[in-house]
Amino acid sequence: MALSPMSRRLSLMMGLSVLALSPALAPVAYAAKPATAAAPAPVASLVSQVDIPYEEFTLKNGLRVIVHTDRKAPVVAVSIWYHVGSRFEPAGKTGFAHLFEHLMFYGSENADGPFFGRLEDIGATDWNGTTWFDRTNYFETVPTGALDRALFLESDRMGHLLGAVTQTKLDTQRGVVQNEKRMGENEPYGLVEYAQLDAMLPEGHPYRHSTIGSMADLNAASLADVQSWFKTHYGPNNAVLVLAGDIDVATAKAKVEKWFGNIAAGPAPKDVDATVPTLDKDVEKVMHDNVAATRLYRNWIVPGVNSDELQQLDLAMTVFGGLGSSRLDNVLVRDEKVAVGVKASIQPFEKLSIAEITVDVKPGADPVAVGKRLDALLADYLAKGPSADEVMRAATTQAAGTISGLEKVGGFSGKAVTLAEGAVYSNDPAKYKKDLAVYASATPETVSAAARKWLGRPVLRLTVAPGERSAADNALAGNATAENAKTGGAGHKPAFFRNPDAAAPKAATPPAPTKIAEPPIEPVKDLDFPDIEHATLKNGIKVALAHRSTVPTVRVSVAFDAGNAADDKAKLGTAGLTTALLDEGTTTRSSVQIAEEQERLGASISAGNSMDRTNVGLFALKPNLDASLGLLADVIRNPAFAPAEVERLRGQVLTRIKAEKTEPMAIAQRMLPPLLYGQAHPYGIPFTGSGTESGVKAVTRADLTAFHDAWLRPDNATIFVAGDTTLAELLPLLEKRFGDWKAPKVAKGVKTFRMDRMMRPAKIVLIDKPQSPQSLILAGLLTNKAGTDNPVTLSTANEVLGGSTTSRLTMDLRETKGWAYGAGTALPGVRETIPLLVYAPVQTDKTGESIIAARQDIKDYLTTKGTTEAERNQTINGQILSLPGSFETSSDLLSAMMRNALIGRPDDYYETLPKTYRAMTAADMDKAAREAINPDRLIWVVVGDVKLVKPQLDAVGLPVEMGTLAD
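In our numbering, the protein residues as written are -2 to 964.
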C-alpha cells in the first residue's frame, strides 16, 4: 500500500487511550429500576434513507465511468479500480500485484517522480492506493479546480507508465515492500494470515497466498514482469473510474474523454475463478508467538460478495460475537470471565469470504477448556438460532455504519468506494442497496439457515499461544530462515520461482514516450469554514455547534479538561480505567442493557483520553437523537463502578498492558516519555494511556469515584456538536439531559505543569525483542514551544523535515535507501510543551545506519540545507489547497472545534490560515525550526533483536544502554 499523509503517521500522537469503552463486564445488582429503552427508528426506515444517485457512461476504449454529484464542498473524489489483485498472480509471482501498485506511485512518462508529491502539490486529501485479492485501487479527493490535474496524472499512469519504470525504481520499491512485509510480521499474531490461508485452501487455489507475497518471489520480480503485468491488466477496459463530489455528468464526460479517450484498450480481461472449498475434516493447529494472551481462532471459507447468503451470515456472526451484547461477550467475558476480548466477523471478497471468530483467553484460564466452551456455545447457537431482537440490533448497527460512512465522497469508505466496489465485484454500482435490503428484511429463520449451512461445516481451529515462533511458521510466511536455507525448506513455498541470484530476464524496450502537457490548476477558493454557534446551558455548560446536514446523523463530544495528564501519578491507569468503566453499568442500567440500547438506536458511545482531555463521544442517528442523548447522559453522570465490573476491567487493562509490551511501537511509547519529560511531569507517562501494571493493580473503587468527581463534572465540561441539527432543536434536548447536572462538593481537579531542570543528554536506549524481523526506532526531544503558542510556522517546517510523504526523512530512508516502509517526524498536538518525535521501522541490518542517516538529515535541515524555495512552495500550496477537503465530515468539524478550544484559537482560525501560509517564507520556516529543535538532545529508543542490533548501535557515536519495561 502506498502511504498517504494520514495513514503513514502511525500512533505517534501522545496519550491516545487504548481503553475507550471496551467490552463490558459481569451484570451487577442495581438500586433503581432499569430504564426503559426508547422505541428506535425501524431498520427499514433507516435503510430507505441511504441513496447515492449516479449516472454512468463508457468510453470507446472500455473505461467505465460513474458520476455522483455532491455539492457540499468544492472537492471531487477520484477513485480508479482495476479488476486485478493477488489472486491473478501466477505461481512464482506472489506479491507482484502489490509491488506493481507501489511502482504506480513513482512516475509516468509525462509526470515522472513521486506521484504523492504531485498529489500534495494540488492539496489532495484521503489519497492512497491499496491491493487486495480481487482488485487494486487508487484514490484521492482533490479541490474542484485541481480535477484536471488529477485526471491527467491518473490517465498518464494508466496509458503511459512503462517508459518511466526503471530498474532502480523496481529495486527500491522491492525493498520498501519487503520492509512493509517485515513491519506487519513484527506485530503480535503477525504470521496468522499465512497459516490460515495455507490450512483452509488447497494447493494452487488463487486465494491461498497472501497479498504481500513471499520474499523469494519479490526478489525474483523483474522489469519484464512489470511490463507484462501492466499490458495484461492495466487497460481502460479493465478499470472503473468513479468521480463523486462537486461535478456533474456533462462536465465529467468532457474531462474524462479528454484525458482517457486516447488510451488504447488492453486485451480482454480474463477472470481467475475460485471455488469455495470445504475442509474434509476439522483442522487443529497450534502456533507460538510473542503474545500476551492466547488467542483462539475459528475459521471457515464461505461464499463471496455476490452470494445471497453472505449478508445473512454477516448478521449471524455479528449476533454471535460482533455486537457489544453478543453471545460470546455475555457468556465468556461477562458471565464466565474466561476471556478478555471476543470478535466474530466476515471478511468479504469477490469469489469467497472468510468467516472468523476470535477469543482472547484471560491469562490464567485454560485455553483448551475455553476452546471447548466456545465450540459448545457455537453448536448451541447453530441449533437454536438468534432472536428477532438480536437480528434487529445487528441490522440496525449495520445500517447506521453504512449511513455514517457515506458522509464522505472519497477515502476508504465513502460514496466513490461504495459505487466502485459494486461495479467491479457485482457489475452493479447500486449493489449496496440490495445488501441493505437483505439486512433490513432478515429474520431469525433466514439467519439461522445460512449459519447452519456454512458454519456447521468442518472448521479450522487455530491457537496462538505465548512462546517463540517456529521455523515452520516463518516458512509459511515465505521468509527464509537459517535452518531452512540449508535444508531447502520444509514449509509451503511457490511451485517455482526464478533464483534471485540469477541474471534478470531482459525487459522489452519500452514504447516511445507520448508527450502530454500537464494542465494548470484552476482557481481554488479558500476554505469557508462553517459558522460555529454557541450557547450555555442553565448550569453553565458551554455548547458549540457546527451544522452539517449531508447525512441524518449527529456527533456529540462532551469534553472534560482532564485526560491522561490528570492521571494519578501514584496509581497510573486511574484515568484510563475510569473512562473504560463508564459504559459498564450505571445506577439504572446494566452493561448489557447499555450495549443493547445502543444497538437498537444505531448509536455508538465511546470514551477515552487524549493527553489533555477526556472525551465522551456519541454518534447518533437523527431520528433517535433524544434517546441517544439520554443514554449518553446516564453513562457520563451515573457510572456505577460496580466492584465486579471494576475487577473485570482491571483484568482487561492489565492484559492490554502486557500486550503493549509485545508490540514494538507501544513498547517505545511506554519507554520514551519519562526519558523526555521526567517522572514528575504530567506528560512523563506512557503515551499509550493505559498506565502501569502496579498502578492499575492498586486502583480502588474509591479512587475511580474520586477521579470522576474531580474531573468529569459539569463545571469542567464543554459540549461540542456537529451534524444534522440546529440550536433550536438541540438545546432543549441538552437541557433535558444535562441542564440539571450539579457539580459535586469536592474540589475540581488541577494539573500542575512544571519542567524540572534535569539535563537529559542524547543517548540510545535499546530494548530487546528477540526474533524481531525489523527494528522500531522512536526518538524524541522537547521543543521550546507549547500547543498554546500555536506554532504554525514550526508545524509547516516539520512537513519539510518529516511530516509529509515527500519530506527529507521519508525520501531518504524509504525512497532513496529503501530501508523503511515509512519514516517521518511528528509534533503531537498537546496543550503544553510539544515534543518532536522521529519514527522509523527499519530492516534489522540497517538499524545503526538508519539512525546515522536520520541524525544527518535532521542536522542538515537545521543548518546548511534549510528549506528550499521549491519545498516552501509545495508545502504552502498543499496546505492551502487541502483545507477544503479536510473538513468534509461532521467528525472532521468536531475535531477542529475541539482543537481550537483546547489551545485557545478563534472559531474562524482555519479560514485565516491561507493568509498566514501565504505570508510565510522559507527563512521563516528555517528560523522556527532552528529555534525550537536542538537535534543534539534527541533520545533514541530502539526495539529490536539485541544480538543483531547492538553491534550496529555501538558504531553510531552515542551512549547505548539497555532498557526494560518492568512496569
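Every residue, glycine too, gets a C-beta built ideally from N, C-alpha and C.
These numbers come from a predicted model, not from an experiment.
- Following the DSSP letters along the chain, one finds residue 52 in no alpha helix (DSSP H) but inside the beta strand (DSSP E) bounded by residues 52 to 55.
- The C-beta distance from residue 467 to residue 891 rounds to 47 Å, too long to fall under 8 Å, and the pair is not in contact.
- Between residue 614 and residue 603, the C-beta gap is smaller than 8 Å, which places the two residues in contact.
- For residue 237, the CB contacts under 6 Å within the same chain, skipping 5 residues up- and downstream, are 61, 78, 417, 420, 421 in chain order.
- Under the three-pair Cβ rule at 8 Å, the segment 559 to 574 does not count as touching the segment 724 to 737.
- Restricting attention to alpha helix (DSSP H) runs no shorter than 4 residues, the segment 369 to 435 encloses them at 385 to 402, 412 to 423, ordered along the chain.
- Going by C-alpha positions, residue 391 is about 20 Å away from residue 551.
- Bounds of any alpha helix (DSSP H) do not take in residue 103, whose DSSP letter is neither H nor E.
- By the C-beta density criterion, residue 961 is exposed, having fewer than 16 other C-beta atoms within 10 angstroms.
- Every alpha helix (DSSP H) stretch that sits fully inside the segment 129 to 157 and reaches 4 residues is listed by chain position as 144 to 156.
- One Cα belongs to residue 746, the other to residue 911, and the distance between them is close to 38 Å.
- Unbroken alpha helix (DSSP H) stretches of 4 residues or longer found wholly inside the segment 585 to 669: 588 to 598, 622 to 634, 640 to 657, given in chain order.
- Taking the Cα positions, residue 688 is about 26 Å away from residue 771.
- With contacts defined by Cβ atoms closer than 8 Å, residue 322 and residue 589 form a contacting pair.
- Rounded to the nearest angstrom, the gap between the Cα atoms of residue 797 and residue 189 is 38 Å.
- For residue 552, the enclosing beta strand (DSSP E) has its first and last residue at 550 to 557.
- Where residue 717 is concerned, the enclosing beta strand (DSSP E) starts and stops at 714 to 720.
- In this structure residue 114 is in contact with residue 803, their Cβ atoms being roughly 4 Å apart against a cut-off of 8 Å.
- Taking 8 Å as the cut-off, the Cβ atoms of residue 424 and residue 262 do not count as close.
- Here residue 693 is actually not in contact with residue 632; their C-beta atoms are around 21 Å apart, not less than 8 Å.
- For the 8 Å CB-CB criterion, residue 123 and residue 402 do not form a contact.
- Residues 293, 295, 325, 329, 354, 356 of the same chain have their beta carbon placed closer than 8 Å to that of residue 371, with the five preceding and five following residues left out of the count.
- Counting only residues of its own chain and dropping the five nearest sequence neighbours on each side, residue 921 has a CB closer than 8 Å to the CB of 790.
- Of the candidates 948, 815, 957, 926, 815 places its Cα closest to the Cα of residue 179.
- Assigned with DSSP and collapsed to three states, residue 198 falls in coil, not helix or strand.
- Non-local beta-carbon contacts of residue 138 in its own chain, meaning distances under 6 Å to residues more than five positions away in sequence, involve 72, 74, 122, 123, 407, 882 in chain order.
- When DSSP states are grouped into helix, strand and coil, residue 222 belongs to the helix group.
- Going by DSSP, residue 780 is part of the beta strand (DSSP E) stretching over 771 to 783.
- In this model, residue 788 and residue 581 are separated by some 40 Å (Cα to Cα).
- Linking residue 898 to residue 889 through their CA atoms gives a straight-line distance of about 14 Å.
- With a minimum length of 4 residues, the unbroken runs of alpha helix (DSSP H) contained wholly in the segment 81 to 123 fall at 93 to 100, 112 to 118.
- Remark: fewer than three beta-carbon pairs, one from each stretch, lie closer than 8 Å, so the segment 241 to 255 and the segment 281 to 292 are not flagged as touching.
- Around the CB of residue 439, 16 or more other CB atoms lie within 10 Å, so the residue is classed as buried.
- Looking at the DSSP output, residue 296 sits in a beta bridge with 353, 457.
- According to the DSSP assignment, residue 238 belongs to the beta strand (DSSP E) that extends over 236 to 242.
- In this structure residue 691 is exposed. Its beta-carbon is surrounded by fewer than 16 other beta-carbon atoms within 10 angstroms.
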